[in-house]
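Residue numbers (our numbering): 10 to 334.
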């Protein structure tokens, strides 16, 4: 699945925002173009039907996973003996008691304005500790790490690049030992033309290291990398995590166009932004087809990306205002 990219716009809540308009094609090894998208009403109906089937399939898969997890949990509970349960409970009680004992050993501080100024109030310190411990849990699912890779391709090398990447990337993603999923690949159609964007999914940072090592050790990687460097003018990579309320959907071939929205936030405002936008994003998903939402952890810091999919640009024009009502 390959596509295209970008309309820049200044967001009121952020110093910089970017809109990337992507187009997609179901034909492999063919340079994607906005001309692949048909504006006929029948194509919109077909897109909506495919989207509905895609969501129903995801829901059914989720039910099967939950049923399987429940079955395993029930079997494990039945197999455990009362003594094991008591031992586990005792360990929990012991750990809790130990934490309380450590807290009680903390030397008392005399309450007063100066003490509170230096150390903060007891309630404030406890709140800070809770926020520090749960910050990543509040924002991220933590199950996966995603990378977003931008390639600026030489204009006269676009077809050659498409053939090279279109055969190599799916091949690497299909090898179980690489432990990586290709969320998708797109070509920018509006904005930074001939820029290609790829999003990969790894099993946490450990999986990222293993994937990079395994792919880099492939006997054909050196030749692929040498050829890739001759086709592009620059490469930029960031590592991201998906928001806890928005798991990334599996690869899809529904057709239409994609839009990648990128926001640069003021440093320290990520948690506030997530709280503010969570409700709005959920509302948009009711009328718009969302692919994923991520925040950068390593690389282009203080950046948030959202990826949406539409049947065509006219359908996008209709659905965005509808999501605000």
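Using N, Cα and C, we set each Cβ at its ideal position, and we do this for glycine too.
Within the stretch 215-299, complete beta strand (DSSP E) segments of at least 3 residues are found at 241-251 and 266-273, given in chain order. Secondary structure note for residue 170: its alpha helix (DSSP H) is the uninterrupted segment 167-182. Judged by DSSP secondary structure, residue 324 falls within the alpha helix (DSSP H) whose first and last residues are 322-332.
Going by C-alpha positions, residue 234 is about 10 Å away from residue 174. Per DSSP, the unbroken beta strand (DSSP E) holding residue 190 starts and ends at 189-199. The alpha-carbon of residue 156 is positioned some 23 Å away from that of residue 319.
With contacts defined as CB atoms closer than 7 Å, residue 204 and residue 161 qualify as a contacting pair.
For residue 211, the enclosing beta strand (DSSP E) covers residues 204-211.
By the neighbour-count criterion, in which 16 or more other beta carbons inside 10 Å mark a residue as buried, residue 220 falls on the buried side. In this structure, residue 248 places its C-beta atom within 7 Å of the C-beta atom of residue 307. Linking residue 213 to residue 189 through their CA atoms gives a straight-line distance of about 10 Å.
Straight across, the Cα-Cα distance linking residue 218 with residue 331 is about 42 Å.
With a threshold of 16 other beta carbon atoms within 10 Å, residue 324 meets it and is buried.
At a Cβ-Cβ threshold of 7 Å, residue 311 and residue 256 do not count as neighbours.
With respect to the 7 Å criterion, residue 314 and residue 303 are classified as neighbours on the basis of their beta carbons.
As the crow flies, the alpha-carbon of residue 287 is around 29 Å from that of residue 54.
Non-local beta-carbon contacts of residue 291 in its own chain, meaning distances under 8 Å to residues more than five positions away in sequence, involve 254 in chain order.
Under the DSSP assignment, residue 161 falls in the beta strand (DSSP E) whose first and last residues are 154-162. According to the DSSP secondary-structure assignment, residue 316 is paired through a beta bridge with 269 and 301. With contacts defined by Cβ atoms closer than 7 Å, residue 246 and residue 158 form a contacting pair. Residue 278 is not a Cβ neighbour of residue 223, given a cutoff of 7 Å. When the beta-carbon positions are compared, residue 328 and residue 297 come within less than 7 Å of each other.
Selection 68, 294 and 259 evaluated against residue 194 yields 259 as nearest (Cα-Cα). Straight through space, the alpha carbons of residue 266 and residue 171 are spaced by roughly 18 Å. Restricting attention to 273, 198, 164 and 209, the CA atom closest to the CA of residue 183 is found in 209. Rounded to the nearest angstrom, the Cβ distance from residue 163 to residue 241 is 7 Å, consistent with a contact under 8 Å.
By the beta-carbon neighbour count (other beta carbons within 10 angstroms, threshold 16), residue 280 is exposed. With a beta-carbon spacing of about 7 Å, residue 317 and residue 300 fall inside the 8 Å limit used to define contacts. Between the alpha carbons of residue 81 and residue 252 lies a gap of roughly 28 Å.
C-alpha of residue 231 to C-alpha of residue 250: approximately 29 Å in a straight line.
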